[in-house]
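Each remark here refers to the structure printed beneath this line.
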Amino acid sequence: MHNLNTTCFNIGSLTLEKVDLDDKKHLELLQILLLENNEFSGFIKPLFSENFSGNGASIYSSHYIVSLKGFNIGYVYISNLDSFQRVSLNYVIEYSFRGKHYGKLLLTEISEFLFQKDIHIKEIELYIENSNYYSKKVALDVGFQKQGLFHYRIDRSFLSHKGIKKI
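Residue numbers for the sequence shown follow our numbering, so the first one is 100 and each next one is one higher.
Below you can see the structure in the form of structure tokens.
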């Protein structure tokens with residue numbers, strides 16, 4: 100059982116580690132993502148503000164570096180659990196790792212992890228720019244349902260469709 104108050108999670112084949120701006124590898128990945136100059140920079144920039152504190156204990160409202168087999172492949176932000184018992188995710192896979200199904204792996208493993216470890220979560224949602232064809236395809240392939248122009252959502256029934264015991 101995972102402790103939801105830790106800074107590092109092994110979830111399936113991926114590892115999520117809370118962003119540490121003093122970690123050279125974390126900083127390098129974030130800078131690469133910022134230099135891509137696309138819609139992802141909007142949710143990465145707050146990490147570099149004076150008010151950023153990556154030391155929170157909760158899994159929620161936290162920024163993570165995603166790694167696979169020792170390689171930092173991306174970033175994910177997990178929002179607070181809202182009054183509708185919903186969590187939002189923002190994620191990006193670093194350019195050199197795209198096209199290798201890591202986005203699908205990331206969404207699948209994080210969704211499984213969150214639904215299994217927190218019985219309060221009813222839904223996980225994504226906001227995807229309309230022009231981001233590949234992210235929309237990944238979300239639909241994983242099981243997210245389109246709810247609007249930019250809005251995709253998956254609920255707890257995801258677990259039963261994945262062959263995982265429903266909580």
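Glycine residues also receive a C-beta, built at the ideal position from the N, C-alpha and C atoms. Every value quoted in this text rests on a predicted model; they were computed, and no experiment measured them.
task: Assign I218 to one of two classes, buried (16 or more other C-beta atoms within 10 Å of its C-beta) or exposed (fewer than that).
output: Here residue 218 is taken as the residue at index 119 of the sequence shown, counted from 1. That one is exposed.
- prompt: What span of residues does the beta strand (DSSP E) with L167 cover, start to end?
  reply: What you label residue 167 is simply residue 68 of the sequence shown in a count that begins at 1. Start and end: S161 to L167.
field: Buried or exposed by the 16-neighbour rule on C-beta atoms within 10 Å, applied to N171
entry: Your numbering for residue 171 matches position 72 in the sequence shown. Flag for N171 reads buried.
task: Please state if the CB of E228 and the CB of F249 are separated by a distance shorter than 8 Å.
output: The count along the sequence shown starts at 1 and reaches residue 249 at position 150. The count along the sequence shown starts at 1 and reaches residue 228 at position 129. Contact: yes.
field: DSSP beta-bridge partners of N109
entry: For the purposes of this step, residue 109 is taken as residue 10 along the sequence shown, with counting starting at 1. DSSP lists T114 as partners of N109.
field: Under the three-state DSSP convention, the category L188 falls into
entry: Here residue 188 is taken as the residue at index 89 of the sequence shown, counted from 1. L188: strand per DSSP, three-state reduction.
- request: Give a yes or no on contact between the stretch 179-197 and the stretch 220-227, applying the rule of three or more CB pairs nearer than 8 Å.
  value: yes
message: Counting C-beta neighbours from all protein chains within 10 Å, is the total for L194 16 or more, i.e. buried, or is it exposed?
response: Along the sequence shown, one-based indexing puts residue 194 at 95. A quick correction: the sequence has Tyr, not Leu, at residue 194. Residue burial annotation: Y194 is exposed, with fewer than 16 other C-beta atoms found within 10 angstroms of its C-beta.
- prompt: Mapping DSSP to helix, strand and coil, what is D254?
  reply: Translated into the one-based positions of the sequence shown, residue 254 becomes position 155. D254: strand per DSSP, three-state reduction.
query: Can the beta-carbon of K123 be found less than 8 Å from the beta-carbon of T106?
result: As a working note, residue 123 is residue 24 in the sequence shown. As a working note, residue 106 is residue 7 in the sequence shown. No.
Reduced DSSP category for E224 - H, G, I as helix; E, B as strand; rest coil: By one-based count along the sequence shown, residue 224 stands at place 125. Looking at E224 - three-state DSSP - the assignment turns out to be strand.
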